[in-house]
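Reading through the structure tokens given below for one structure.
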Amino acid sequence: MLERSEEQFPELPMQWRDHGYEIDQRLGKGAYGAVYRLVKNRGAENEEFSALKVISWELGTEQIREYDNDLEKARRNFSRLFNKAVNEVSILESLAGEAHIVQLKGSCIEKMPEENYCRLYIQMEYLTDLLSFMDQEGPLDETEVIRLGIELCRALEVCHRQGILHRDIKPENIMVAKDGTFKLGDFGLAREWDDGSMTVIGTRNYMAPEVYNTFYDKSADIYSLGMVLYYFANDMRLPFWDLHDSVAQMNARCKGELPEPKTAFEPLRRIILKACAFEPKDRYQSAADMRADLENAKSIGNKEKEIRKYV
């Protein structure tokens, strides 16, 4: 959703400013920055929109105090945090041309350690986030939920083939193109996986149980996608939705099997429960395997619709 703000928009670096770009709207705001709408050739026939994520890190007195006023130590940690944000650009560059992943259009880094200041600009294709799309078009029906699963499986196939874990698959990080294509976005928490311990990170409502033990792999992404499908196939209710908060819900999920998503039709229900199995070994071992079952469920659903026409 577009947000108008009285705050001054950030000044664009030369690479955009000198090529007819300007910011005209703020799309959203987070802890370390904001996303803006970038317009090129405003009002002309060839007017073009894109999204610009601007991440700013400024090392102030309060942050330095957390490091016992050790400026160099604070700067080193500050630089490490910023480099993690820059990692998103590298990952998006490696995923160029993939139909079901939000595409990078440009980037720029301003880094001034002596001034305790860093800023990262990431230009991406202009899309609608899934929840805003649903506000306009209504909830996803059974066919659309299955297509969502198929298209995000395709995105994960590409990521996992390159050794990339997304680590934050949730409705808020799914985008919709003008032609209705679903795309996986926000690779801010993504990283290459290895056999060692990794950070407990992600969004609790969609996080695989083993993430809390810090040893996990691509199966954690498959679990999160299963939870997304559970949510949309179950009248937008997650398992244990009646518990009072996300911590209680997570604790319930960590005890074992999930309740069935009752409003999902049978083949989709089985797919969701397998993707969200408590033990990673009991889940789909690849996004391609999950996609194959979703495509089969799509065929079954189409046949059932044909039969209902004549009943």
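Per our numbering, residue 25 is the first one in the sequence shown, and the count goes up by one each step.
We treat Cβ as the ideally placed atom computed from N, Cα and C, and that holds for glycine.
Terminal residues of the beta strand (DSSP E) in which residue i lies
i      : result
Cys142 : 141-149
Trp81  : 72-82
Gln49  : 45-53
Cys22  : Past the edges of the chain, shown from 25 to 335, lies residue 22, and the structure says nothing about it.
Pair within 8 Å by beta-carbon distance, residue i and residue j
i      : j      : result
Tyr255 : Leu262 : yes
Gly130 : Gln39  : yes
Leu176 : Leu151 : no
Ile246 : Met314 : yes
Cys300 : Met231 : no
Leu253 : Ile296 : yes
Thr16  : Asp192 : As displayed, the chain neither begins before 25 nor continues past 335, which places residue 16 out of reach and without an answer.
Asp42  : Arg61  : no
Tyr56  : Ile79  : yes
Ser74  : Glu149 : yes
Ser337 : Asn237 : One cannot answer for residue 337 here, as it falls past the ends of the chain, which runs 25 to 335.
Phe264 : Gly280 : no
Ser243 : Arg293 : no
Arg178 : His124 : yes
Glu71  : Val63  : yes
Ile188 : Leu318 : no
Ser116 : Leu128 : The displayed chain sequence assigns Leu, not Ser, to residue 116. Closer than 8 Å, so yes.
Gln147 : Leu76  : yes
Gly212 : Glu290 : no
Bounding residues of the alpha helix (DSSP H) (the contiguous stretch that carries residue i)
i      : result
Lys108 : 95-118
Asp306 : Looking at the DSSP string, Asp306 is not in any alpha helix (DSSP H), and its letter there is neither H nor E.
Asn275 : 270-277
Asp266 : From DSSP, Asp266 is part of no alpha helix (DSSP H); its letter is neither H nor E.
Leu164 : Premise fails: Leu164 is in no alpha helix (DSSP H) and is neither H nor E.
Arg294 : 290-299
Ala244 : 243-257
Gln39  : 38-41
Glu86  : 85-89
Identified DSSP bridge partners for residue i
i      : result
Val200 : Thr152, Phe206
Ala58  : Lys53, Val78
Arg228 : None; Arg228 has no bridge partner.
Val63  : Glu46, Phe73
Leu189 : Arg215
Ile125 : Leu208
Which listed residue (the options) has its alpha carbon closest to that of residue i
i      : options                        : result
Gln32  : Leu76, Arg50, Asp42, Leu144    : Arg50
Met158 : Gly226, Ile170, Met260         : Met260
Arg99  : Val113, Glu112, Asn111, Gly84  : Gly84
Ser310 : Val182, Asp153, Arg191, Ile170 : Val182
Ile133 : Leu318, Arg307, Lys108         : Lys108
Pro233 : Ala68, Ile174, Arg277, Arg294  : Arg277
Asn197 : Asp210, His190, Phe206         : Asp210
Pro34  : Gly54, Val59, Gly44            : Val59
Gly204 : Leu164, Ala316, Ile146, Asp94  : Leu164
Arg66  : Tyr45, Gly54, Gly52, Glu82     : Tyr45
Trp217 : Leu36, Tyr240, Lys202, Met136  : Tyr240
Thr287 : His190, Asn258, Ser118         : Asn258
Ala214 : Phe102, Ser118, Ala312, Gly52  : Ser118
Lys135 : Ala312, Arg104, Ser114         : Arg104
Tyr141 : Ile174, Ala120, Phe102, Leu155 : Phe102
Phe206 : Asn326, Asp92, Leu155          : Leu155
Glu284 : Ser114, Ala321, Lys298, Asn320 : Lys298
Lys10  : Glu96, Met274, Gly173, Lys194  : Since the displayed the chain opens at 25 and closes at 335, residue 10 lies outside it and no answer follows.
Phe106 : Lys97, Trp81, Asp94            : Trp81
Gly52  : Lys194, Asp153, Ile324         : Asp153
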